[in-house]
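In the working numbering, the protein residues as written are 670 to 1038. Even for Gly, the Cβ is constructed at its ideal location relative to N, Cα and C. Quick notes on the structure that follows.
This is how it looks when you write it as structure tokens:
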């Protein structure tokens, strides 16, 4: 992904204050096929497609946030949503079904950025614009809402080196990357390697098919077996699901103390691991800003409006070098900064994080008395 910077961070921050989450489900009473009203008064159907069922954020954050924001912007609009179980054919069928049932615009987080290209082209031919969400799809997309994945990789690598201390000079790490078909995986790796090269030895590097945590567990177990349990000084993990499985594999192999492990998404389970000291860092991305931008672009496109007031950045894919985009802010979260980041921003409350099992760790982190 090539990025032409604009005012993405400022725009995303301005968008990040939203009303409370709505319940999951479709919004609006009008049936599919209701024509879009370019005056902005009529409703229409927005399709939201997510790549899998094992990533917690899709169902708990992104889906309800998109639904709520669409309803705020267009009270007569409705959202229909689907999750694809990390299967390309399933997501293609879901796209075709939504178009056949009258969706006027799609918000798509692609299972595979290349494999969905023909489906996106068919949507374009059916006059159904596609907003690529979180992952940049190939093909004739109309807009993009996400983050700069190379910068996330750089943040993860910088934080890992900081946590490694003296071992940051010549120590050995394992890279636990995402799915090889995901463009974000490639950008995350490029960003991380731009920081890590020449500083540490990369003992093993793995892709995680489908971003499935069980695959990460197997890969981490293999790394421990091949390198030795005492020879891993850090783990560059692409996201929190992979981080959790990597930590589980390290604990199963009786690795103690645990090496520092990175992540991203600020999943609740990951924030608890950060507080406990099992995971060193997660990168918080404002789901509110990402979902809000996608909803605003989808409604504008459904009404036949331009995106100039919403999207200040531009990105390029294999088809277009001038795709309107919003790239949101990024914040590393460690045990020392949990209170000033995910709690202060309202992502989680202290009570949600500090269960009985980690009460002592919460006291040590200054989150409870």
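- For the set 834, 832 and 848, the Cα lying nearest the Cα of residue 782 is the one of 848.
- Counting along the chain, residue 831 sits inside the alpha helix (DSSP H) bounded by residues 818-833.
- Under the DSSP assignment, residue 956 falls in the alpha helix (DSSP H) whose first and last residues are 956-971.
- Counting every other CB atom within 10 Å of its CB across the protein chains shown gives residue 1032 a total below 16, marking it as exposed.
- If you compare the alpha carbons of 1036, 802 and 905 with that of residue 840, the shortest gap goes to 905.
- Taking a cut-off of 8 Å on C-beta distances, the segment 754-769 does not touch the segment 738-745, as fewer than three cross pairs fall below it.
- C-alpha of residue 831 to C-alpha of residue 1004: approximately 14 Å in a straight line.
- With contact defined as three or more Cβ pairs closer than 8 Å, the segment 960-971 and the segment 980-999 are in contact.
- Per the DSSP secondary-structure output, residue 714 pairs in a beta bridge with 747 and 772.
- Runs of the beta strand (DSSP E) spanning 3 or more residues and lying entirely within the segment 925-955 occur at 951-954, in chain order.
- Comparing C-alpha distances from residue 867 to each of 895, 891, 898 and 826 shows the shortest one belongs to 826.
- Only residues of its own chain outside the window of five on either side were considered, and among them 803 have a CB closer than 6 Å to the CB of residue 815, listed in chain order.
- Relative to the Cα of residue 869, the nearest Cα in the group 883, 901 and 891 belongs to 901.
- Taking the Cα positions, residue 903 is about 14 Å away from residue 920.
- The beta carbon of residue 873 lies closer than 6 Å to those of 843 and 892 in the same chain, with the five residues before and after it left out.
- The C-alpha of residue 714 is placed about 7 Å away from the C-alpha of residue 774.
- Shown here for residue 975: same chain residues with a beta carbon closer than 8 Å to its own, the five before and five after excluded, namely 969 in chain order.
- For residue 793, the CB contacts under 6 Å within the same chain, skipping 5 residues up- and downstream, are 809 in chain order.
- Beta-bridge annotation (DSSP): residue 845 is paired with 875 and 906.
- With 16 or more neighbouring CB atoms inside 10 Å of its own CB, residue 819 falls in the buried class.
- Under the three-state reduction of DSSP, residue 1034 is assigned to coil, being neither helix nor strand.
- If you draw a 10 Å sphere on the C-beta of residue 778, you find 16 or more other C-beta atoms in it, and that means buried.
- Looking at the backbone, the Cα of residue 1023 and that of residue 718 are separated by about 32 Å.
- DSSP lists 841 as the beta-bridge partner residues of residue 870.
- Here the alpha carbon of residue 884 sits roughly 26 Å from the alpha carbon of residue 864.
- Annotated as distal: residue 950 and residue 944, with beta-carbon spacing of 9 Å or more.
- Here DSSP, grouped into helix, strand and coil, assigns residue 802 to strand.
- Bounds of the beta strand (DSSP E) holding residue 812 are 812-815.
- Taking the CA atoms as reference points, residue 788 sits about 41 Å from residue 1007.
- Between the C-alpha atoms of residue 824 and residue 857 there is a straight-line separation of about 10 Å.
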